[in-house]
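Since the structure comes first, as structure tokens, the remarks are kept for the end.
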Amino acid sequence: VQLQASGGGLVQPGGSLRLSCAASGTIISIATMGWYRQAPGKQRELVAGITSGGNTNYADSVKGRFTISRDNVKNTVYLQMNSLKPEDTAVYYCNARIYSGSYYLGYWGQGTQVTVSS
123 VQLQASGGGL VQPGGSLRLS CAASGTIISI ATMGWYRQAP GKQRELVAGI TSGGNTNYAD
183 SVKGRFTISR DNVKNTVYLQ MNSLKPEDTA VYYCNARIYS GSYYLGYWGQ GTQVTVSS
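Just so you know, we're using the numbering used here here: the sequence shown kicks off at 123 and counts up by one.
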């Protein structure tokens with residue numbers, strides 16, 4: 123199983139980006155999917171999560187600005203980021219708990235850099 127993240131880049135404050143993360147390989151089902159981020163010198167933190175049923179949760183710092191969604195047919199999770207701030211600058215990682223036939227395991231994507239700067 124692999125997670126492939128994409129969509130990062132450089133954007134000005136107030137701008138928008140959309141991250142995508144596609145899971146591939148032997149996948150029977152996917153439970154929770156989520157996005158984390160890690161800024162230089164800081165610990166990795168949860169940004170947003172979504173269950174298989176579509177329930178979502180967000181870090182307080184991104185509520186009202188970011189939206190997480192998923193496509194269960196494409197095994198893909200998205201993060202729409204609006205009104206970006208310089209403090210959103212970080213490497214963003216996707217995560218998913220995937221059942222491939224034995225038990226659920228957590229997988230990480232490779233990370234995609236988001237830089238918010240003028």
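Ideal placement from N, C-alpha and C gives every residue a C-beta, glycine not left out.
Quick check on this structure: which residue in 219, 222, 227, 211 has the alpha carbon closest to the alpha carbon of residue 234? With distances taken between Cα atoms, residue 234 lies closest to 211.
Alpha carbon to alpha carbon, how far is residue 171 from residue 181? Give it in angstroms, no decimals. 9 Å
Cβ of residue 225 within 7 Å of Cβ of residue 151? Not closer than 7 Å, so no.
Within the same chain, show all residues whose beta-carbon is closer than 8 Å to that of residue 208, passing over the 5 residues directly before and after it, in chain order. Excluding sequence neighbours, residue 208 sits near 135, 238, 239.
By DSSP's criteria, residue 167 is part of a beta bridge. Which residues make up the other side? 159
Selection from 125, 158, 141, 137 that minimises the alpha carbon distance to residue 148: 125
Do residue 153 and residue 174 have their CB atoms nearer than 7 Å? yes
Using the DSSP secondary-structure output, state which residues sit across from residue 190 in a beta bridge. According to DSSP, residue 190 shares a beta bridge with 201.
Would a C-beta distance cut-off of 7 Å place residue 200 and residue 159 closer than the cut-off? no
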